[in-house]
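A.B. asks:
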Amino acid sequence: MTTERKLDRENQVEHILEVRISDNGFPSLYSTTRVVVSVKDINDNSPQFEQRFYKIQIPSTSDINVPIFQILATDIDIGENGRISYNIKSGKGKNKFRIDADTGLIYATKPLEMESEYELIIKAEDHGSPKKSQTARLNVLVIPILEQSKAPPSIKTTNSLVEVTESDKAGFLVTLIQASDEDSEHLWYNISGKYEMVTFIYIQDIS
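Counting along the sequence shown from 1, when you hit position 150 you're at 150 in this note's numbering, and nothing is skipped either side.
1. If you draw a straight line from the C-alpha of E163 to the C-alpha of R52, how long is it?
2. Of the residues L120, A108, A101, which one's Cα is nearest the Cα of D126?
3. CB P144 to CB I84, shorter than 8 Å?
4. Once DSSP output is grouped into helix, strand and coil, what is the label at K94?
5. Relative to the alpha-carbon of I64, which residue among L112, N81, R20, I88 has its alpha-carbon at the smallest distance?
6. In terms of residues, what are the limits of the beta strand (DSSP E) holding Q12?
7. What are the uninterrupted segments assigned as beta strand (DSSP E) that are 3 or more residues long and contained completely in the region 113-184, given in chain order?
8. Less than 8 Å between the beta carbons of L141 and E117, yes or no?
9. Going by beta carbon distance, what residues of the same chain come within less than 7 Å of T32, once the five residues before and after it are set aside?
10. Three or more beta-carbon pairs under 8 Å between the region 166-179 and the region 92-99, yes or no?
As structure tokens, then:
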């Protein structure tokens, strides 16, 4: 018994086959047996972050060694192949932050400068062999206590229906979303929600 094509555990963990063995007599006699093929996992998938870019604001009065954010990744492999550890790979201000390797909770370990922005490159790595990984970028903006938002941004258009044609090329302007905020002149945009089109649409985060 041999395979005719590659088996993928993530698509099907187990294959149950009924094998029939018959002779050449007349009438032909046969016996049957059942074969269960369990597909073992290999480390063929990398960890995946929900987003590749995150931007957060924290008040300048934030306490040291208190979680400020949690970043999470998932891996559809199992066992050690799917177990993820986190670390801060690089970034401006790397020495002022730490991340819990198991939970993805991020802490400030030193006082942060008011009105400063820090960029951290977070790495999620599995424990398979060979190891696979993915990175995401986290921007941390430290805001004065008096500038903390009192009201959410106001979007001028919501639930807009936009039509595009299949001949439109990459980079085509789909729509313009405008918003304002009484607390701040600076707004950041991102696509939220698990929609099918998220992988096909890009939004500029500061436009």
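Note that beta-carbon positions come from the ideal geometry of N, C-alpha and C, so glycine has one too.
Here the structure is a predicted model, which is why all the values come from computation and not from measurement.
C.D. replies: On the basis of the supplied data:
1. For the purposes of this step, residue 163 is taken as the residue at position 163 of the sequence shown. For the purposes of this step, residue 52 is taken as the residue at position 52 of the sequence shown. Cα to Cα, E163 sits roughly 27 Å from R52.
2. Here residue 126 refers to the residue found at position 126 when the sequence shown is read from its first residue. It is A101.
3. Counted from its first residue, the sequence shown places residue 144 at position 144. Counted from its first residue, the sequence shown places residue 84 at position 84. Not a contact, by the Cβ cut-off of 8 Å.
4. Taking the sequence shown and counting its residues from 1, the one referred to as residue 94 is at position 94. Looking at K94 - three-state DSSP - the assignment turns out to be helix.
5. As a first step, residue 64 must be located in the sequence shown, where it is residue number 64. Closest option to I64, Cα to Cα, is L112.
6. Here residue 12 corresponds to residue number 12 of the sequence shown, with the count starting at 1. Counting along the chain, Q12 falls outside any beta strand (DSSP E), and DSSP gives it neither H nor E.
7. Scanning the region 113-184 for uninterrupted beta strand (DSSP E) segments of 3 residues or longer gives 117-126, 133-143, listed from N- to C-terminal end.
8. Within the sequence shown, the letter at position 141 stands for residue 141. Within the sequence shown, the letter at position 117 stands for residue 117. Cβ atoms of L141 and E117: closer than 8 Å.
9. The sequence position of residue 32 within the sequence shown is 32, counting from 1. Closer than 7 Å at the Cβ level, and outside the excluded window around T32, lie E18, V19, R20.
10. By the Cβ criterion, the region 166-179 is not in contact with the region 92-99, since fewer than three pairs of Cβ atoms, one from each stretch, lie closer than 8 Å.
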